[in-house]
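Below is one structure, written out as structure tokens; comments come after it.
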Amino acid sequence: MEQPAYWQKRARCRPEVVIGFYRELSTMLNSGISLMDALQVVVDFASDETLVLVVAELQTKVSSGHRLSVAMAGFPRLFSSLSVSMVAMGEANGQLVRQLDQLCRWMEKDDHLRRQLKSALTYPAFALSLTSFLTLLLFVSVVPSFIDMFDDLGAELPWPTRILILITTVITSPAAWTAGSLCLLAALLLGRGYFESPEVRRECYRLALFFPVLGGLLRDTAMARFTAAAAAMLEAGTDFLTGLRLAAEASGSPLVAYDSRPLRTAIEQGESLSEHFATRPDIYPRTVVHLTHAGEESARVADMFGFLARHYEEEVSYRVELMSTLLEPLLMSGVAVVVGFIVISVFLPMYSLVGKFAA
């Protein structure tokens, strides 16, 4: 197969743009419009410039005899392997419209889950950044004036005040800022390649699973995306092992994606899906193990995956609300501790001086 050009490998659009493309294509094909004409309509009326370029390239390849799925495979960052596989199945069985509709539903659910996870992580990050900035502002603009006053008085300072002075001296030192900037730059340059390593990403993800609330949110999100993708692939008629591999890649979890090879090997050696899940409790919760086993017993694995997807989508919504509820008072408590320490450190020497003058 011809290797895609550099821009094709890098081309990306927002998920809602891709979903809209699938939805429009499905609607037009269902109305009896030919594939080439449907692609031309998208080129003529799409508002996203990247999508226009991509669809124009798809149209060129389709007109030269390539299948749509083959043309889509040339844009790996825009059309996932799962999407390409579902379109290929639709082309093979003559149900492209049905597969596009199913692909839209799966992508809408997947995008909703990713948005929930993003919103759950964005608020704490923003609140923490704002708190850090305000604390830094206190150390830089307010505390130094009190330090100058204490130096003029020459009084003996209690240990909280000495710690406050030390922190302020470090923070306001140009040398400290220079050293910190250089360390941050070095960490970014060296860490970029380091964290792109699959092994490092897996270990970082595994470590994140141990954090309260966050770990459960990451695990439930991965299971929701994995089971929803697996249900969509199996309902589309994809080969069982191929469907599981693509679903694992779509889960967003490095651990689930890495386990796709051992999973395939275990099934090829005669082990059932639920039996393999049971050997990896660090990845697959007991709910997944038990319900997958029930699906195997009743020959309704795809239906059971669909049920699991709905279950974990509800769990994700619950955990997002729980995370927001818990983090706000925790962050407020942290701010109160920092501000309280500064206030105590500033006023302790003043009380000592007042006591001496009164004596």
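For the sequence shown, the residue numbers in the working numbering are 350 to 708. Note that beta-carbon positions come from the ideal geometry of N, C-alpha and C, so glycine has one too.
- For the alpha helix (DSSP H) assignment, the uninterrupted runs of no fewer than 4 residues enclosed by the stretch 484–534 are, from N- to C-terminal side, 492–502, 508–520.
- Just measuring C-alpha positions, the residue of Val404, Phe394, Pro425 sitting nearest Arg359 is Pro425.
- Your pair Val638 and Ser621 does not check out as a contact, with CB atoms roughly 11 Å apart and the cut at 8 Å.
- The residue from Ser673, Leu697, Lys458 with its alpha-carbon nearest to that of Ile368 is Lys458.
- Ranked by how close their Cα comes to the Cα of Trp508, the residues Ser694, Val688, Leu427 have Ser694 in first place.
- When the Cα atoms are used, Ile516 and Val684 turn out to be separated by approximately 17 Å.
- A straight-line Cα-Cα distance of about 11 Å links Met438 and Leu417.
- Closest in alpha carbon position to Gly644, among Ala580, Arg613, Tyr472, is Ala580.
- Setting aside the 5 residues that flank it on each side, Val411 is surrounded in the same chain by Leu384, Met385, Leu388, Leu417, Ala420, each with a C-beta closer than 8 Å to its C-beta; the list follows chain order.
- Between Leu558 and Arg568 a beta carbon distance of about 6 Å is seen, short of the 8 Å cut, so the two are scored as contacting.
- Contact between the stretch 579–596 and the stretch 659–674 is not established, with fewer than three Cβ pairs separated by less than 8 Å.
- Around the beta-carbon of Cys553, fewer than 16 other beta-carbon atoms lie within 10 Å, marking it exposed.
- Residue burial is scored here from C-beta neighbours: Arg361 has fewer than 16 other C-beta atoms within 10 angstroms and is therefore classed as exposed.
- In the DSSP annotation of this structure, Cys362 is not part of any alpha helix (DSSP H), being labelled neither H nor E.
- By the criterion of a C-beta distance shorter than 8 Å, His625 is surrounded in its chain by Pro611, Leu612, Ala615, Ile616, once the five residues flanking it on both sides are discounted.
- Annotation: the continuous alpha helix (DSSP H) that includes Phe626 extends over 622–628.
- Excluding its 5 nearest sequence neighbours in each direction, Met377 has C-beta neighbours in its own chain below 8 Å: Asp386, Ala387, Val390, listed in chain order.
- One alpha carbon belongs to Phe589, the other to Leu483, and they sit about 54 Å apart.
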